[in-house]
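Below: the structure, in structure tokens.
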Amino acid sequence: MIIIVESGSTKSDWVMIQNGQPNIKVSTMGFNPYFHDRETISKNIKKHKKIYRNAGQVEALYFYGAGCSSIDLCNIIKIGLQDVFVNAAIKVGHDLEACAYATYRGKPVISCILGTGSNSCYY
């Protein structure tokens with residue numbers, strides 16, 4: 006199973022993919038390393054039965070979040086996720102990176118995020 010998470014400061018959207026098909030979609034609170042520590046992250050994830058009951062089956066988890074702009078900040082999120090998804094290879098990146106991946110179609114684009122915080126990039 007693969008999980009992709011897009012997290013702002015307000016909420017996180019989770020998609021669990023099994024056999025190449027998205028089969029579970031869940032929303033949780035947003036996780037931002039400026040405001041949340043590893044314990045808050047792991048404790049909150051464990052409250053969500055749809056996520057936690059599948060944690061041992063997750064092989065890869067891709068988390069893109071607000072505030073994940075340095076190695077140290079990404080590691081706060083990564084360690085919180087590793088506490089729950091012990092068998093998964095975990096990648097943590099900035100939410101603007103996910104935005105760029107979602108909008109890129111082979112030609113340079115301007116990608117924007119609008120929400121609690123806003124940002125843009127040329128990719």
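Residue numbering for the sequence shown is 6 to 128, as defined by this note's numbering.
Note that CB positions come from ideal geometry on N, CA and C, so glycine has one too.
query: Cross-strand partners of C117 (DSSP beta bridge); result: S125
query: Inter-residue spacing [alpha-carbon to alpha-carbon] between I82 and D100; result: 13 Å
query: Pair within 7 Å by beta-carbon distance, I7 and I22; result: yes
query: Contacting residues, own chain, Cβ-Cβ under 6 Å from Y57 (five flanking each side not counted); result: K51
query: Where the beta strand (DSSP E) containing A65 begins and where it ends; result: A65 to G70
query: Nearest residue (CA-CA) to I76, options K112, Y39 and G61; result: Y39
query: Where A107 falls, given that 16 or more other Cβ within 10 Å makes a residue buried; result: exposed
query: Exposure of N24, with buried meaning 16 or more beta-carbon neighbours within 10 Å; result: exposed
query: T108 - containing alpha helix (DSSP H), residue span; result: D100 to T108
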